[in-house]
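**Student:** One structure, pasted below without further comment.
Protein chains: 2
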Amino acid sequence: MNAANTPQRRMRADARRNYERLLAEAEVAFRERGTEASLEEIARRAGVSIGTLYGHFPTRQALLEATLHESIDRLVATAEELLTHPSPGEALARWARATAAHMSAYRGLATSLLNSLKDENNPLYRACQQMTAAGERLLDRARRVGLVRTEASAADMFALINAAAWAREQVPDEQGDRLLAFMIDGLRPVPAEIRSPAAPGP
Amino acid sequence: MNAANTPQRRMRADARRNYERLLAEAEVAFRERGTEASLEEIARRAGVSIGTLYGHFPTRQALLEATLHESIDRLVATAEELLTHPSPGEALARWARATAAHMSAYRGLATSLLNSLKDENNPLYRACQQMTAAGERLLDRARRVGLVRTEASAADMFALINAAAWAREQVPDEQGDRLLAFMIDGLRPVPAEIRSPAAPGP
DNA sequence: ACAATATATTGAGGCTACCTCGACTTAGCA
DNA sequence: TGCTAAGTCGAGGTAGCCTCAATATATTGT
Chain A
1 MNAANTPQRR
11 MRADARRNYE
21 RLLAEAEVAF
31 RERGTEASLE
41 EIARRAGVSI
51 GTLYGHFPTR
61 QALLEATLHE
71 SIDRLVATAE
81 ELLTHPSPGE
91 ALARWARATA
101 AHMSAYRGLA
111 TSLLNSLKDE
121 NNPLYRACQQ
131 MTAAGERLLD
141 RARRVGLVRT
151 EASAADMFAL
161 INAAAWAREQ
171 VPDEQGDRLL
181 AFMIDGLRPV
191 PAEIRSPAAP
201 GP
Chain B
1 MNAANTPQRR
11 MRADARRNYE
21 RLLAEAEVAF
31 RERGTEASLE
41 EIARRAGVSI
51 GTLYGHFPTR
61 QALLEATLHE
71 SIDRLVATAE
81 ELLTHPSPGE
91 ALARWARATA
101 AHMSAYRGLA
111 TSLLNSLKDE
121 NNPLYRACQQ
131 MTAAGERLLD
141 RARRVGLVRT
151 EASAADMFAL
161 INAAAWAREQ
171 VPDEQGDRLL
181 AFMIDGLRPV
191 PAEIRSPAAP
201 GP
């Protein structure tokens, strides 16, 4: 069996069919139950044994990664497009919103993602890298125009977007939107007059 | 047995002893393993049966809340003290840092806390309310001095602090500090010239 | 058409954890 | 000292993880 998560070499017809079914059920389950959804139930609903699931997707992360592939590609493409947007600040904000929205598609996803950065072998690691890289170009453009302080890195922005997505899982939508806005605004340079701990004027 | 989480009415001596042991072991376990630590192991290490644990603490949240009580009181007191700090901005930042630090004492704690706000019957609900209220006074003081935008509520700040604590669990410490700073800075009013999506000057 | 073989699938089985509840034990009082 | 309310116990049902030896089947070459 193909223990990699993408069907690279030609798979046997039955294997491919099962792979596809598993992926479809996983998507539903993750959306409904979050990233901790029961793998046994996913297998059951795909009409396949638990062993088969593990054959195709050796870890939960591998399965998650597979369900995420397309939307991540889309996000990277969106970043590319937004590079031509007239306002660098607006472009950055839009991408951040779109990304945060994707990351709260499944409950627990933000945690799985940010967590994957600790381990290069985690199947989600690459995905995070790609998204960070895509964001970096938008961030730099905004920086050139004075909207982003020097010490803020693309990794920081990625973490913030994840944090916002995480928060969104737990608070009302409307508050979630606000929190993301605060975080992105927090990347701006701090005006000199309030940087030091002295009391400001009126 | 006393199914409430605090020993209110006089408990039998053995019950009180077990209660205390459970609390002590829970603290260790949560610190070492996070808020999802095995309750059976906590009971085992306390030299008590699982049934006894459930007798004293009917839910994981109740046990968590009990282990948190003291440090939450301390945070509330700290907020009080900081109200007399000469710089409202510095006071706010300090309290936010202290709070975020407490909230990342146990892996998973920020999630348990923010999550508890969805359900008033969650034993952690009160704790969150208290912390939010404590932060509110600091926030208002900073707002009066122009450091905080109008639409940012105490609940927002509480959520941001939690988000920072969550992020801290997953990224290097040094990055974690920076993220919290970004979030708090994000509460500042947005300068007029960059509020609209127009490109700013040099 | 048919083996031969590489490729997949199966599911029981060993773990760990959650939580409940009826049977048992004991501290503390009169 | 014995009674009883208060507390403790832990087996047992449920569920999820993951593995691996046995079994099944798609494909390929003849």
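Which chain is which? The protein sequence lines are A and B, in order.
My numbering puts the first residue of the first sequence at 1, with every later residue one more than the last.
My numbering puts the first residue of the second sequence at 1, with every later residue one more than the last.
Glycine included, every Cβ here is placed at the ideal spot set by N, Cα and C.
Nearest chain B C-beta to glycine 135 of chain A closer than 9 Å, yes or no?
**Tutor:** Here residue 135 of chain A is taken as the residue at index 135 of the first sequence, counted from 1. No, no contact with chain B.
**Student:** Does valine 28 of chain B come out as helix, strand or coil in the three-state DSSP assignment?
**Tutor:** The residue labelled residue 28 of chain B in the question sits at position 28 within the second sequence. The answer is helix: DSSP assigns valine 28 of chain B an H, G or I state.
**Student:** At the level of alpha carbons, what is the spacing between lysine 118 of chain B and aspartate 173 of chain A?
**Tutor:** Here residue 118 of chain B refers to the residue found at position 118 of the second sequence. Here residue 173 of chain A refers to the residue found at position 173 of the first sequence. Lysine 118 of chain B and aspartate 173 of chain A: Cα-Cα distance of roughly 13 Å.
**Student:** If alanine 96 of chain B sits next to leucine 180 of chain B, beta carbons under 8 Å apart, how far is it from one beta carbon to the other, in whole angstroms?
**Tutor:** Here residue 96 of chain B is taken as the residue at index 96 of the second sequence, counted from 1. Here residue 180 of chain B is taken as the residue at index 180 of the second sequence, counted from 1. With a Cβ gap of about 6 Å, alanine 96 of chain B and leucine 180 of chain B count as contacting.
**Student:** Drop a sphere of 10 angstroms on the beta-carbon of glycine 201 of chain B, count the other beta-carbons inside from all chains shown, and report buried for 16 or more, exposed for fewer.
**Tutor:** For the purposes of this step, residue 201 of chain B is identified with residue 201 of the second sequence, where counting begins at 1. Here the model assigns glycine 201 of chain B a pLDDT of 36, short of 50, so the residue's position is not dependable, and the following value carries that caveat. So glycine 201 of chain B counts as exposed.
**Student:** Mind checking if glutamate 151 of chain A is an interface residue toward chain B, Cβ cutoff 9 Å exclusive?
**Tutor:** If you number the first sequence from 1, residue 151 of chain A lands on position 151. Chain B, which has a Cβ nearer than 9 Å to the Cβ of glutamate 151 of chain A, makes this yes.
**Student:** Can you find a CB in chain A that lies within less than 9 Å of the CB of methionine 183 of chain B?
**Tutor:** The residue given as residue 183 of chain B occupies position 183 in the second sequence. Methionine 183 of chain B counts as touching chain A.
**Student:** Starting from glutamine 61 of chain A, find everything on chain B with Cβ-Cβ shorter than 7 Å and list it in chain order.
**Tutor:** Start at 1 with the first residue of the first sequence, and residue 61 of chain A comes out as number 61. Ordered by position in chain B, no residue passes the 7 Å Cβ test against glutamine 61 of chain A, which lies about 14 Å from the chain.
**Student:** Span of the alpha helix (DSSP H) holding methionine 103 of chain A?
**Tutor:** In the first sequence, the residue the question calls residue 103 of chain A occupies position 103. Note, methionine 103 of chain A: alpha helix (DSSP H), 88-103.
**Student:** Using only alpha-carbon positions, find the residue among B:Glu70, B:Leu22 and B:Glu32 that is nearest to glycine 51 of chain B.
**Tutor:** By one-based count along the second sequence, residue 51 of chain B stands at place 51. The shortest C-alpha separation from glycine 51 of chain B is found at B:Leu22.
**Student:** Give me the Cα-Cα distance between alanine 159 of chain B and aspartate 140 of chain B, rounded to the nearest whole angstrom.
**Tutor:** Residue 159 of chain B sits at position 159 when you count from the first residue of the second sequence. Residue 140 of chain B sits at position 140 when you count from the first residue of the second sequence. Approximately 16 Å between the Cα atoms of the pair.
**Student:** Can you check whether the CB of tryptophan 166 of chain A is closer than 9 Å to the CB of serine 87 of chain A?
**Tutor:** The residue given as residue 87 of chain A occupies position 87 in the first sequence. The residue given as residue 166 of chain A occupies position 166 in the first sequence. No, these two residues do not count as a Cβ contact at 9 Å.
**Student:** What does a CB cutoff of less than 6 Å around alanine 164 of chain B pick up in its chain, not counting 5 residues either side in sequence?
**Tutor:** Position 164 of the second sequence, counting from 1, holds the residue named residue 164 of chain B. Only Ala100, Leu179, Leu180 and Met183 meet the Cβ criterion.
**Student:** Can you confirm whether tryptophan 95 of chain A, when its beta carbon is compared against all beta carbons of chain B, has any partner nearer than 9 Å?
**Tutor:** Along the first sequence, one-based indexing puts residue 95 of chain A at 95. Chain B, which has no Cβ nearer than 9 Å to the Cβ of tryptophan 95 of chain A, makes this no.
**Student:** Using a Cβ-Cβ distance cut-off of 9 Å, determine whether threonine 111 of chain A contacts chain B.
**Tutor:** Position 111 of the first sequence holds residue 111 of chain A. Taking Cβ atoms only, chain B reaches closer than 9 Å to threonine 111 of chain A, which makes this a yes.
**Student:** May I ask you to report which of helix, strand or coil DSSP gives alanine 192 of chain B?
**Tutor:** Here residue 192 of chain B refers to the residue found at position 192 of the second sequence. Reduced to three states, the DSSP call for alanine 192 of chain B is helix.
**Student:** Check whether chain B comes within 9 Å of proline 191 of chain A, counting only Cβ atoms and requiring the distance to be less than that.
**Tutor:** In the first sequence, the residue the question calls residue 191 of chain A occupies position 191. Output row for proline 191 of chain A: interface = yes.
**Student:** Between the C-alpha atoms of glycine 108 of chain B and threonine 35 of chain B, what's the straight-line distance to the nearest angstrom?
**Tutor:** Position 108 of the second sequence, counted from the start, is the residue given in the question as residue 108 of chain B. Position 35 of the second sequence, counted from the start, is the residue given in the question as residue 35 of chain B. Looking at the two C-alpha atoms, the distance is approximately 5 Å.
**Student:** Quick one: is asparagine 121 of chain A buried, meaning 16 or more other Cβ sit within 10 Å of its Cβ, or exposed?
**Tutor:** One-based indexing of the first sequence puts residue 121 of chain A at position 121. So asparagine 121 of chain A counts as exposed.
**Student:** Would you verify that the beta carbon of alanine 206 of chain B is, or is not, closer than 9 Å to some beta carbon of chain A?
**Tutor:** The requested residue 206 of chain B does not occur in the structure, where chain B is confined to residues 1 to 202.
**Student:** For methionine 11 of chain B, name the three-state secondary structure that DSSP assigns.
**Tutor:** Start at 1 with the first residue of the second sequence, and residue 11 of chain B comes out as number 11. Collapsing the DSSP output to three states places methionine 11 of chain B in coil.
**Student:** If you follow the alpha helix (DSSP H) that glycine 51 of chain B is in, where does it begin and where does it stop?
**Tutor:** Counted from its first residue, the second sequence places residue 51 of chain B at position 51. 50-56 is the extent of the alpha helix (DSSP H) around glycine 51 of chain B.
**Student:** Jot down the residue ranges of each uninterrupted alpha helix (DSSP H) in the segment 122-152 of chain B, minimum 4 residues, whole runs only, in chain order.
**Tutor:** Look at the segment 122-152 of chain B and you find these whole runs of alpha helix (DSSP H), each 4 residues long or longer: 123-144.
**Student:** Would you mind telling me which residues of chain B sit closer than 8 Å to aspartate 156 of chain A, beta carbon to beta carbon, in chain order?
**Tutor:** Taking the first residue of the first sequence as position 1, residue 156 of chain A is located at position 156. Residues of chain B passing the Cβ test: Gln175, Arg178, Leu179 and Phe182.
**Student:** If you reduce the DSSP assignment to three classes, tell me which class glutamate 203 of chain B lands in.
**Tutor:** One cannot answer for residue 203 of chain B here, as it falls past the ends of chain B, which runs 1 to 202.
**Student:** List the residues of chain A that leucine 160 of chain B touches, going by C-beta distances under 7 Å, in chain order.
**Tutor:** Taking the second sequence and counting its residues from 1, one reaches residue 160 of chain B at position 160. Neighbours of leucine 160 of chain B on chain A, chain order: Leu179 and Phe182.
**Student:** Run the CB neighbour count on arginine 12 of chain A, radius 10 Å, all protein chains shown included, and call it buried at 16 or more, exposed below.
**Tutor:** Looking up residue 12 of chain A in the first sequence gives position 12. It counts as exposed.
**Student:** The alpha helix (DSSP H) with serine 71 of chain B in it runs from where to where?
**Tutor:** Translated into the one-based positions of the second sequence, residue 71 of chain B becomes position 71. From DSSP, the alpha helix (DSSP H) with serine 71 of chain B extends over 60-82.
**Student:** Looking only at C-alpha atoms, which of B:Thr111, B:Asp177 and B:Pro189 sits nearest to leucine 64 of chain B?
**Tutor:** The residue labelled residue 64 of chain B in the question sits at position 64 within the second sequence. With distances taken between Cα atoms, leucine 64 of chain B lies closest to B:Thr111.
**Student:** Could you give the first and the last residue of the continuous alpha helix (DSSP H) run that contains arginine 45 of chain A?
**Tutor:** Taking the first residue of the first sequence as 1, we reach residue 45 of chain A at position 45. Run containing arginine 45 of chain A: 39-45, per the alpha helix (DSSP H) assignment.
**Student:** From the beta carbon of asparagine 115 of chain A, is the nearest beta carbon of chain B less than 9 Å away?
**Tutor:** One-based indexing of the first sequence puts residue 115 of chain A at position 115. It does: the Cβ of asparagine 115 of chain A has a partner Cβ on chain B nearer than 9 Å.
**Student:** List, in chain order, every chain A residue whose beta-carbon is nearer than 7 Å to that of glycine 186 of chain B.
**Tutor:** Locating residue 186 of chain B in the second sequence gives position 186, where the first residue counts as 1. Within chain A, the residues near glycine 186 of chain B are Phe182, Met183, Asp185 and Gly186.
**Student:** Please confirm whether alanine 167 of chain B has its beta-carbon closer than 9 Å to some beta-carbon of chain A.
**Tutor:** Your numbering for residue 167 of chain B matches position 167 in the second sequence. Interface residue, yes.
**Student:** Out of curiosity, what's the CA-to-CA distance linking methionine 131 of chain B and serine 49 of chain A?
**Tutor:** Within the second sequence, residue 131 of chain B is the residue found at index 131, counting from 1. Within the first sequence, residue 49 of chain A is the residue found at index 49, counting from 1. The straight-line gap from Cα to Cα measures roughly 48 Å.
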